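A.B. asks: I am attaching a structure below and will ask some questions about it afterwards.
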């Protein structure tokens, strides 16, 4: 079975960089212009713009240009793709631990 | 400020691929050998082994070789890095929505 690329792929890929995560953290507090977002980073502007592009391509942020200012905002719903997948993993894993517990208890009882 | 690479980077990078996520889903149900893991995928073995390597490098899985069989298991704690970051994002975002709500309510009351 071949696995086709999915929207969640680009979400996780966007999250795999500390600069991009830091941008998202700041956008969680409200919309910011590109230059406000760039300020804390000692990075050439083209590299920073590339990070913004990866974020926008993933659907985690949207931007809007008014005059000469481009403003970015978070699309929180997009983060849910990642959260939902991780939560389903946790359920699988915890179910397995529960079965393991039950198994050990049964072993103990049959030995006692 | 320059952002150094962090362990969570390689966790998110490992998650950014449907084959690797599917392998993790199977390992949530219990340890598997490399050949058992490879079976459902129509993929050349070297490509599949490369996916296993990315997973192992991220710390999300560990492997052990016994005789000629290499067995993989999930390291659930490593997934928590990603979960914790996403949960902190959600808190920031929800706090902002709460403030927005309070603000709208105040506006409404001062208008009424």
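Residue numbers (my numbering), protein chains in the order written: chain A, 2 to 113; chain B, 2 to 113.
Every residue, glycine too, gets a C-beta built ideally from N, C-alpha and C.
Remember, predicted model here, so these are calculated numbers, not experimental data.
1. Determine the direct distance from the alpha carbon of residue 81 of chain A to that of residue 48 of chain B, and round the result to whole angstroms.
2. Let me know if residue 88 of chain B comes out buried or exposed under the rule of 16 or more other beta-carbons within 10 Å of its beta-carbon.
3. Is there a Cβ from chain B that is less than 8 Å from the Cβ of residue 17 of chain A?
4. Could you check the C-alpha separation between residue 17 of chain B and residue 43 of chain A for me, to the nearest Å?
5. Over the uninterrupted beta strand (DSSP E) stretch that includes residue 29 of chain B, give me the two end residues.
6. Whose CA, out of A:22, A:102 and A:30, lies closest to the CA of residue 99 of chain B?
7. Report the neighbours of residue 39 of chain A on chain B: residues whose CB is nearer than 9 Å to its CB, in chain order.
8. Roughly how many angstroms lie between the CA atoms of residue 55 of chain B and residue 52 of chain A, to the nearest whole one?
9. Could you tell me the distance, in whole angstroms, from the CA atom of residue 75 of chain B to the CA atom of residue 85 of chain B?
10. Take residue 83 of chain A and list the residues in its own chain whose beta-carbon comes closer than 8 Å to its own, dropping the five residues that flank it on each side.
11. Which value, in whole angstroms, describes the spacing of the CA atoms of residue 27 of chain B and residue 61 of chain A?
12. Could you give the uninterrupted runs of the beta strand (DSSP E) lying entirely in the region 59 to 103 of chain A, keeping only those of 3 residues or more?
13. Which residue wins for smallest C-alpha separation from residue 117 of chain A, given the options A:72, A:92, A:91 and A:109?
14. CB-CB under 8 Å to residue 34 of chain B, same chain, minus the five flanking residues each way: which ones, in chain order?
C.D. replies: According to the data block:
1. 29 Å
2. exposed
3. yes
4. 27 Å
5. Element bounds for residue 29 of chain B: n/a, residue is neither H nor E.
6. A:30
7. Simply none; closest approach about 11 Å.
8. 22 Å
9. Distance between the alpha carbons of residue 75 of chain B and residue 85 of chain B: 18 Å.
10. Taking residue 83 of chain A as the centre and dropping the five residues before and after it, the same chain places the C-beta of 9, 12, 13 and 16 closer than 8 Å to its C-beta, in chain order.
11. 28 Å
12. 62 to 67 and 70 to 75
13. Limits of chain A in this structure are 2 at one end and 113 at the other, which puts residue 117 of chain A out of reach.
14. 70, 71, 72 and 73
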